[in-house]
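Here's the structure, in structure tokens; my notes come after.
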């Protein structure tokens, strides 16, 4: 039977939360670190994890601590450990090739995460790194073809390689659309690209290690408010996130939390790899992995990764079974059930053909 995974995202989705949920579900952190070393950038970051609590619930927090932007670590009142970083890595500084030189001159504070052309956003929900931390001004940019070549030459497991390439391509397509440039002209600031690579490739490695055949994802919360950028403030959802949602026609809703909840990296992972958005698939649930976000929110800031095997007892079979009269059943038993599954199918144009077990 197929192995299924379901991302339940009550407080959104970010790359570090995916890593945390995968490690919590049993993926060895040492395995991820070993495979990520093959990319040749291990000196740029430190990968580590800890057990934390969010609103009293235990979860695993994975950190990608950047060597180029080390900052004092802040106490985590609920973690039961000495420290945990508290800021987001959600936005990469992205620039078109003809603006690269100008961007290097005023992008010296190296914002790490996955975002936007010369904006260098600070966000407030899911990530680890203070985006105001100065970095080495000699750092340049990594453009999409360079990142693709890095992944292709690393000797990663075949599925993890193909999925990683697809996620980065999807992210670059969205960013290019936002900024009016081709995807191949999108450049990722070097520091931001480091943890984006660790998040994206690490997530794909973890899904492959678990043997997942199909990934599903819940509807996603929009969040709200604004995020601070070098040249002002931008609304939440961030432009790249909104574009990714539009590209996949993702079902969204408001959970009332006015923060950035879904990061561009998280959105790229979900919109590229998930075959459907909405209700969980029919499965025999075997394990749940819990990945913590950095901030404490009104509800537990935890991504729940459901793992199981495809169930032969489909929704339609359940409906037929329940509609049959039983000798012990009351005559008032319902004869029909109405499906509330509004999952959106995966567009064939967006899913890479991945052998042997494509999502």
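Numbering (the working numbering), first residue to last: 22 to 380. Using N, Cα and C, we set each Cβ at its ideal position, and we do this for glycine too. No experiment lies behind these values; they were computed from the predicted model shown.
> Quick one: what's residue 72 bridged to in DSSP?
Replying inline: Mapped onto the chain shown, residue 72 falls at position 51. 81.
> Should residue 260 go down as buried or exposed, given a rule of 16 or more other Cβ atoms within 10 Å for buried?
Replying inline: As a first step, residue 260 is located in the chain shown; it is residue number 239 there, counting from the start. Buried, by the Cβ-count rule.
>> According to DSSP, is residue 117 part of a helix, a strand, or is it coil?
In response: Here residue 117 corresponds to residue number 96 of the chain shown, with the count starting at 1. Because residue 117 sits at a pLDDT of 36, beneath the cut-off of 50, its placement in the model cannot be relied upon, and the point is left open.
>> If contact is defined by three or more beta carbon pairs under 8 Å, each pair taking one atom from either stretch, is the segment 235-249 in contact with the segment 50-62?
In response: Output reads no: the segment 235-249 does not touch the segment 50-62.
>> Classify residue 315: buried if its beta carbon has 16 or more other beta carbons within 10 angstroms, exposed otherwise.
In response: As a first step, residue 315 is located in the chain shown; it is residue number 294 there, counting from the start. Burial call: buried.
>> Given this structure, state the Cα-to-Cα distance separating residue 35 from residue 83, to the nearest angstrom.
In response: Counted from its first residue, the chain shown places residue 35 at position 14. Counted from its first residue, the chain shown places residue 83 at position 62. When rounded, the distance between both Cα atoms is 11 Å.
> Rounded to the nearest angstrom, how far is the Cβ of residue 229 from that of residue 37, given a contact under 8 Å?
Replying inline: Residue 229 sits at position 208 when you count from the first residue of the chain shown. Residue 37 sits at position 16 when you count from the first residue of the chain shown. About 19 Å separates the two Cβ atoms, so there is no contact after all.
> Can the beta-carbon of residue 262 be found closer than 8 Å to that of residue 288?
Replying inline: Your numbering for residue 262 matches position 241 in the chain shown. Your numbering for residue 288 matches position 267 in the chain shown. Yes, they are a contact pair.
> If we count Cβ pairs, one from each stretch, closer than 8 Å, do we get three or more for the segment 301-313 versus the segment 201-210?
Replying inline: no
>> Here's the rule: buried if 16 or more other CB atoms are within 10 angstroms of the residue's CB, otherwise exposed. What is residue 174?
In response: Residue mapping note: residue 174 aligns to position 153 of the chain shown, counting from 1. Exposed.
> Which of the three DSSP states, helix, strand or coil, is assigned to residue 192?
Replying inline: Translated into the one-based positions of the chain shown, residue 192 becomes position 171. Helix, per DSSP.
>> For residue 241 and residue 295, what's the separation of their Cα atoms in angstroms?
In response: Walking along the chain shown from the start, residue 241 turns up at place 220. Walking along the chain shown from the start, residue 295 turns up at place 274. In a straight line, the C-alpha of residue 241 is about 12 Å away from that of residue 295.
> Within 10 angstroms of its Cβ, does residue 274 collect 16 or more other Cβ (buried), or is it exposed?
Replying inline: Indexing the chain shown from 1 puts residue 274 at position 253. Exposed, since its Cβ has fewer than 16 Cβ neighbours within 10 Å.
> Going by Cα to Cα distance, which pick from 42, 49 and 75 is closest to residue 381?
Replying inline: With the chain covering 22 to 380 only, the question about residue 381 has no answer from this structure.
> Just the Cα atoms here: how many angstroms apart are residue 327 and residue 29?
Replying inline: As a first step, residue 327 is located in the chain shown; it is residue number 306 there, counting from the start. As a first step, residue 29 is located in the chain shown; it is residue number 8 there, counting from the start. Near 7 Å, if we compare the C-alpha coordinates of residue 29 and residue 327.
>> Please classify residue 51 as buried or exposed, where buried requires at least 16 neighbouring CB atoms within 10 angstroms.
In response: On the chain shown, residue 51 is found 30 positions in, with the first residue counted as 1. The residue in question, residue 51, is exposed, as its Cβ has fewer than 16 Cβ neighbours within 10 Å.
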